Amino acid sequence: MYHIAVSFTVPDERREEFIAAALEDGRNSAADEPGTRRFELICDADDPNRFYLNEAYDNEAAFNAHAEGPHFARFFSLIEGFADGPGWLIKGTRIEDPRVIAPVALIASFRAKPGQESRLREELEAMVEPSLAEDGCLEYRPYVDPAHPDAMVIIETWASSEALKEHFATPHFKGVAAVLDDILAEPFTLHYLNVDSEA
6 MYHIAVSFTV PDERREEFIA AALEDGRNSA ADEPGTRRFE LICDADDPNR
56 FYLNEAYDNE AAFNAHAEGP HFARFFSLIE GFADGPGWLI KGTRIEDPRV
106 IAPVALIASF RAKPGQESRL REELEAMVEP SLAEDGCLEY RPYVDPAHPD
156 AMVIIETWAS SEALKEHFAT PHFKGVAAVL DDILAEPFTL HYLNVDSEA
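If you count the sequence shown from 1, you need to add 5 to reach this note's numbering.
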């Protein structure tokens, strides 16, 4: 995992403007950039006009893709002329402890073709029982978007990245993946989340 942390100081009268720009950058980066794993805006405890961006990416290449992307460019265009920064605080790859196995959480998002909403729901609900029966599956819950009945998500938690890889190789996953090719309006997406080990 590649981590960066940077600081910005802004004038008091532009504080809310900076916050809005940073939060927009974080939302859009998380939604559009598969390699973006964390994007947090933190306000300094002693100076309300000093902020930190705490970010994590799959690797340095994912960070570089973010830095070359449209959300990064828009953020800096919005804060140009009034924000003092970025000041680099952290930039590097985290050293993993091979003895610690971290759980993996993700949101899988699906959108059905017109007329295929019920079939999508049936296929995803049929995945629940066999997925939960897998040794590494900690959570597996499908949800329908109440405002968009053609849209569904599955919120999943796995004991490790290896458990998730094994899930992708199961007959029930491969079977439904083949069916989804016919009923989805667009390819499904996977959005990886951070698991709070202190929760």
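Even glycine gets a Cβ: it sits at the ideal position worked out from N, Cα and C.
All of these numbers come straight from a predicted model, not from anything done at the bench.
Going by DSSP, K96 is part of the beta strand (DSSP E) stretching over 89-98.
The C-alpha of G74 lies about 34 Å from the C-alpha of R126.
Less than 7 Å separates the beta-carbon of P91 from that of V11.
A direct Cα-to-Cα measurement between E144 and A110 gives close to 9 Å.
With a cutoff of 7 Å on beta-carbon distance, A88 and F193 are scored as not near each other. Note on Y148: under 16 other CB atoms within 10 angstroms of its CB, so exposed under the neighbour-count rule. Collapsing the DSSP output to three states places N59 in a strand. For D150, the closest C-alpha among the options V105, N54, A117 is that of A117. By the neighbour-count criterion, in which a residue is buried when 16 or more other Cβ atoms sit within 10 angstroms of its Cβ, R32 is exposed. Going by C-alpha positions, R124 is about 39 Å away from A27.
In the three-state reduction of the DSSP assignment, I112 falls in the strand class, which pools E and B.
Setting aside the 5 residues that flank it on each side, V184 is surrounded in the same chain by E128, each with a C-beta closer than 7 Å to its C-beta; the list follows chain order.
CA-to-CA, the gap between Y62 and V105 works out to about 19 Å.
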